[in-house]
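Peer 1: Below: one structure in structure tokens.
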Amino acid sequence: MAAMLQPQIILLKEGTDTSQGKAQLVSNINACTSVADVVRTTLGPRGMDKLIHDDKGNVTISNDGATIMKLLDIVHPAAKILVDIAKSQDSEVGDGTTTVVLLAAEFLKEAKPFIEDGVHPQNLIRSYRTASYLAIEKIRELAVSIEGKSLEEKKGLLAKCAATTLSSKLIGGEKEFFAQMVVDAVIAIGNDDRLNMIGIKKVPGGNMRDSFLVDGVAFKKTFSYAGFEQQPKKFVDPKILLLNIELELKSEKENAEIRLSDPSEYQSIVDAEWNIIYDKLDKCVQSGAKVVLSRLAIGDLATQYFADRDIFCAGRVAEEDLQRVAAATGGAVQTTVNNIIDEVLGTCEIFEEKQVGNERFNIFSGCPSGMTATIVLRGGADQFIEEAERSLHDAIMIVRRAAKNSTVVAGGGAIDMEISRFLRQHARTIAGKSQLFINSYAKALEVIPRQLCDNAGFDATDVLNKLRQKHALPSGEGALFGVDINTGGIADSFANFVWEPAVVKINAINAATEAACLILSVDETVKNPKSESAQGEAAASAMGGRGRGAAFRGRGRGMRRR
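Quick note: the sequence shown, position 140, residue 140 per UniProt numbering, numbers continuous.
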């Protein structure tokens with residue numbers, strides 16, 4: 001009786017939505033697999049593209065997993081974890097974004113029957129983490145090092161990695177052309193980790209093969225004033241002055257009051273303003289620079305002044321481009337024109353202004369520091385050229401990672417099938433339920449070669465059976481066999497130069513396993529109600545149209561006052 005009279009304890013605010021137990025966990029798994037289904041068809045060289053149209057009218061065509069996941073307005077809290085791991089994979093290694101999402105969803109899909117049968121999630125998590133550790137160790141064992149190769153050999157190997165990445169992109173038809181360009185750009189910047197040291201400039205029009213690499217800096221001609229036409233457009237071994245000041249005649253706007261006893265003294269104030277700008281320009285000329293760039297405006301007076309003295313100038317240069325010019329030419333950006341010494345001036349072999357399509361480009365080539373490169377990208381539609389830029393970004397990231405880590409593995413699903421075989425074999429040595437869990441993890445890894453076949457229109461069951469037979473050979477000679485996209489069968493991926501950096505696969509398996517374990521460890525979802533202030537704002541915005549109409553309702557034109 002006393003227990004019945006005990007008052008109910010309310011912990012959560014009224015309106016809070018909670019869900020827990022097996023049904024809630026299965027719901028999270030279903031949400032993640034639904035998200036993976038969106039990007040599933042984009043995997044591999046025969047993957048399809050997605051056209052995403054947002055509420056602002058922007059159209060994006062892409063098959064990059066991270067780009068698609070970012071543009072999808074996903075609201076389910078568990079599914080957002082897949083968005084996060086795709087972004088993480090993109091920022092960390094640049095490629096494998098679709099792979100990491102598919103693996104995470106497949107791990108969860110394989111875990112779902114066990115959850116429905118009442119297996120505790122922690123048992124699955126423990127086995128999955130063990131399998132992940134074993135898989136990563138196997139990748140390191142199978143990886144082939146490119147260390148100790150000559151520069152030309154290394155460039156050839158890196159080009160194969162870039163071509164593998166580009167084969168699944170919109171510019172896959174010209175993968176060899178762009179792969180070599182990407183490798184040359186990465187080699188040009190050396191060990192510099194700053195990604196913005198490789199610039200990608202887009203010029204609509206022309207053919208993809210009209211794209212070219214500048215061993216230095218290139219950027220679009222900035223806005224210029226009258227007199228610019230008389231300036232020289234090409235120099236050999238010029239001195240380059242980089243500024244972060246305005247070179248423009250402006251009335252001084254100091255908060256000061258000047259009292260004149262004689263009206264004729266006013267002219268001296270006007271002359272002082274002119275003297276200030278002329279003094280700045282004289283110091284620029286005296287520095288010996290033949291090219292003057294500034295992040296701020298260079299006005300019409302300065303433009304004409306420099307033109308009369310055979311000096312090229314450009315104002316309002318983007319901060320990123322100015323920093324790249326400084327890194328390439330060995331110059332330093334100055335915030336004053338006083339005491340300019342030779343050490344702060346940059347130089348290059350050739351500076352020229354060149355027509356590229358409908359745009360004029362300022363190009364600095366043969367730079368002594370050689371710490372930057374620029375890819376000028378040509379193409380048709382804006383959407384195409386945007387996707388081409390994203391593709392090159394992925395390839396650049398992959399080549400940088402491969403050059404730094406110096407190990408590659410066979411692509412085309414070969415490494416996934418070999419790890420799957422290894423884990424199945426290892427599972428037989430384990431007693432208890434863990435054997436089943438590691439087997440399910442091994443089966444999930446087969447999603448990559450299976451999806452490659454599905455996207456290419458091949459019989460996935462037949463191809464996977466052939467791969468299993470090949471990888472099961474006791475001699476181990478089938479360890480490098482993967483899906484052959486060209487024939488619809490299987491082939492030695494390594495011999496066919498289908499390579500990818502080992503770090504891509506290691507990062508993907510690690511991130512996918514952690515994401516799956518994180519979702520499996522959630523046993524309750526709590527959704528807090530909106531606060532009163534948030535509800536008030538929502539109501540106000542919903543009533544905004546009617547409210548404004550009511551607020552301005554009054555006497556019309558010509559109506560009599562009551």
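We put the beta carbon where it would ideally sit given N, CA and C, even for glycine.
From a predicted model like this one, the values you see are computed outputs, not experimental measurements.
#1: Just how far apart, CA to CA, sit residue 169 and residue 45?
#2: Over what stretch of residues does the beta strand (DSSP E) that includes residue 241 continue unbroken?
#3: Pick helix, strand or coil for residue 378, following the three-state DSSP scheme.
#4: Report yes or no: do three or more beta-carbon pairs, one from the segment 173–187 and one from the segment 296–304, lie closer than 8 Å?
#5: Can you pull the DSSP bridge partners for residue 490?
#6: Is the beta carbon of residue 200 less than 8 Å from the beta carbon of residue 386?
#7: Secondary structure at residue 41, three-state DSSP: helix, strand or coil?
#8: For the putative contact between residue 27 and residue 437, defined by C-beta atoms under 8 Å, what is the C-beta separation to the nearest angstrom?
#9: Mind the definition here: the segment 389–401 touches the segment 58–71 only if three or more C-beta pairs lie below 8 Å; say whether that holds.
#10: In its own chain, which residues sit with a C-beta less than 7 Å from the C-beta of residue 59, not counting the 5 before and 5 after it?
#11: Mapping the DSSP letters down to three states, classify residue 348 as helix, strand or coil.
#12: Figure out for me which residue from 180, 378, 172 has the closest Cα to the Cα of residue 576.
#13: Classify residue 334 as helix, strand or coil using the three-state DSSP reduction.
#14: Just the C-alpha distance for residue 501 and residue 145, rounded to the nearest angstrom, thanks.
#15: Could you name the residues that DSSP lists as bridge partners for residue 407?
#16: Could you check whether the Cβ of residue 209 sits closer than 8 Å to any Cβ belonging to chain B?
#17: With distance defined between alpha-carbon atoms, name the residue in 271, 279, 409, 321 nearest to residue 305.
#18: In three-state DSSP terms, what is residue 355?
#19: Can you give the beta carbon distance from residue 471 to residue 417, rounded, assuming they're within the 8 Å contact cut?
#20: Any chance the segment 213–222 sits against the segment 240–250, with 3 or more Cβ pairs inside 8 Å?
#21: Using the Cβ count rule (16 or more neighbours within 10 Å means buried), how would you classify residue 233?
#22: Under a three-way DSSP split, which group does residue 27 fall into?
#23: May I have the straight-line CA-CA distance separating residue 123 from residue 434, to the nearest angstrom?
#24: Do you know offhand how far residue 493's Cα is from residue 467's?
#25: Looking at C-beta atoms only, is the number of pairs between the segment 405–422 and the segment 204–215 that lie closer than 8 Å three or more?
#26: Suppose you measure from the CA of residue 489 to the CA of residue 498; what does that come to, to the nearest Å?
#27: Measure the alpha-carbon distance for residue 353 versus residue 230 and round it to whole angstroms.
#28: Between 101, 83, 131, 49, which has its C-alpha nearest residue 430's C-alpha?
#29: Could you tell me which of 70, 247, 80 sits nearest to residue 516, measuring between CA atoms?
#30: At the level of alpha carbons, what is the spacing between residue 363 and residue 162?
#31: Note down, in chain order, each residue of its chain lying with its Cβ closer than 6 Å to the Cβ of residue 419, except the 5 sequence neighbours on either side.
#32: Would you call the segment 329–339 and the segment 259–266 touching, i.e. three or more CB-CB distances under 8 Å?
#33: Is residue 351 closer than 8 Å to residue 285 when the C-beta atoms are compared?
#34: From the DSSP output, in three-state form, read off residue 474 for me.
#35: Output needed for residue 423: all residues of its chain with C-beta closer than 7 Å, excluding positions within five of it in sequence on either side, in chain order.
#36: Please classify residue 309 as buried or exposed, where buried requires at least 16 other C-beta atoms within 10 Å of its C-beta.
Peer 2: Result, derived from the coordinates:
#1: Along the sequence shown, read from residue 1 onward, the residue named residue 169 stands at position 169. Along the sequence shown, read from residue 1 onward, the residue named residue 45 stands at position 45. In this structure, the straight-line span from the alpha carbon of residue 169 to that of residue 45 is close to 7 Å.
#2: Taking the sequence shown and counting its residues from 1, the one referred to as residue 241 is at position 241. Residues 239–243.
#3: As a working mapping, residue 378 is identified with position 378 in the sequence shown. If DSSP states are grouped into helix, strand and coil, residue 378 belongs with the strands.
#4: In short, these stretches do not touch, since the Cβ pair count stays below three.
#5: Locating residue 490 in the sequence shown gives position 490, where the first residue counts as 1. The partner list for residue 490 (beta bridge, DSSP) reads 483.
#6: As a working note, residue 200 is residue 200 in the sequence shown. As a working note, residue 386 is residue 386 in the sequence shown. Cβ distance not < 8 Å, so residue 200 and residue 386 don't count as in contact.
#7: Taking the first residue of the sequence shown as position 1, residue 41 is located at position 41. Helix, per DSSP.
#8: Translated into the one-based positions of the sequence shown, residue 27 becomes position 27. Translated into the one-based positions of the sequence shown, residue 437 becomes position 437. Contact flag wrong, Cβ pair sits at about 21 Å.
#9: They touch, by the three-pair rule.
#10: Numbered from 1 along the sequence shown, position 59 holds the residue referred to as residue 59. 51, 53, 383, listed in sequence order.
#11: Sequence index remark: in the sequence shown, residue 348 carries index 348 (1-based). In this structure, residue 348 counts as coil in the three-state DSSP scheme.
#12: It is not possible to answer for residue 576, since the shown part of the chain is limited to 1 through 562.
#13: On the sequence shown, residue 334 is found 334 positions in, with the first residue counted as 1. Strand, per DSSP.
#14: Position 501 of the sequence shown, counted from the start, is the residue given in the question as residue 501. Position 145 of the sequence shown, counted from the start, is the residue given in the question as residue 145. Their backbone Cα atoms lie some 10 Å apart in a straight line.
#15: Against the sequence shown, residue 407 aligns to sequence position 407. In DSSP, residue 407 forms a bridge with 145.
#16: Looking for chain B here will not work: only one protein chain is present.
#17: Reading the sequence shown from its first residue, position 305 is the one you call residue 305. Comparing Cα-Cα distances from residue 305 to each of 271, 279, 409, 321, the minimum goes to 279.
#18: Looking up residue 355 in the sequence shown gives position 355. In the structure shown, residue 355 sits in a strand (DSSP, three-state: E or B).
#19: For the purposes of this step, residue 471 is taken as residue 471 along the sequence shown, with counting starting at 1. For the purposes of this step, residue 417 is taken as residue 417 along the sequence shown, with counting starting at 1. With 8 Å as the limit, residue 471 and residue 417 qualify as a contact, their Cβ atoms being about 5 Å apart.
#20: no
#21: The residue given as residue 233 occupies position 233 in the sequence shown. Exposed: under 16 other Cβ atoms inside 10 Å.
#22: Within the sequence shown, residue 27 is the residue found at index 27, counting from 1. Note: residue 27 maps to helix in three-state DSSP.
#23: Numbered from 1 along the sequence shown, position 123 holds the residue referred to as residue 123. Numbered from 1 along the sequence shown, position 434 holds the residue referred to as residue 434. Roughly 8 Å separates the two Cα atoms.
#24: Translated into the one-based positions of the sequence shown, residue 493 becomes position 493. Translated into the one-based positions of the sequence shown, residue 467 becomes position 467. Cα to Cα, residue 493 sits roughly 12 Å from residue 467.
#25: Contact between the segment 405–422 and the segment 204–215 is absent: fewer than three C-beta pairs spanning the two stretches fall below 8 Å.
#26: Within the sequence shown, the letter at position 489 stands for residue 489. Within the sequence shown, the letter at position 498 stands for residue 498. Approximately 15 Å, taken between the alpha carbons.
#27: Position 353 of the sequence shown, counting from 1, holds the residue named residue 353. Position 230 of the sequence shown, counting from 1, holds the residue named residue 230. Approximately 13 Å between the Cα atoms of the pair.
#28: Mapped onto the sequence shown, residue 430 falls at position 430. Of the candidates 101, 83, 131, 49, the one whose C-alpha sits nearest the C-alpha of residue 430 is 131.
#29: Walking along the sequence shown from the start, residue 516 turns up at place 516. For residue 516, the nearest C-alpha among the options comes from 80.
#30: Position 363 of the sequence shown, counting from 1, holds the residue named residue 363. Position 162 of the sequence shown, counting from 1, holds the residue named residue 162. Residue 162 has its alpha-carbon roughly 26 Å from the corresponding atom of residue 363.
#31: Here residue 419 corresponds to residue number 419 of the sequence shown, with the count starting at 1. Counting only Cβ-Cβ distances below 6 Å, and skipping sequence neighbours, we find 135, 138, 445.
#32: no
#33: Numbered from 1 along the sequence shown, position 285 holds the residue referred to as residue 285. Numbered from 1 along the sequence shown, position 351 holds the residue referred to as residue 351. Cβ atoms of residue 285 and residue 351: not closer than 8 Å.
#34: On the sequence shown, position 474 is the one that residue 474 refers to. Coil, per DSSP.
#35: Locating residue 423 in the sequence shown gives position 423, where the first residue counts as 1. Closer than 7 Å at the Cβ level, and outside the excluded window around residue 423, lie 131, 134, 135, 438, 441, 442.
#36: For this step, residue 309 is matched to residue 309 along the sequence shown. Here residue 309 is exposed, its C-beta having fewer than 16 other C-beta atoms within 10 Å.
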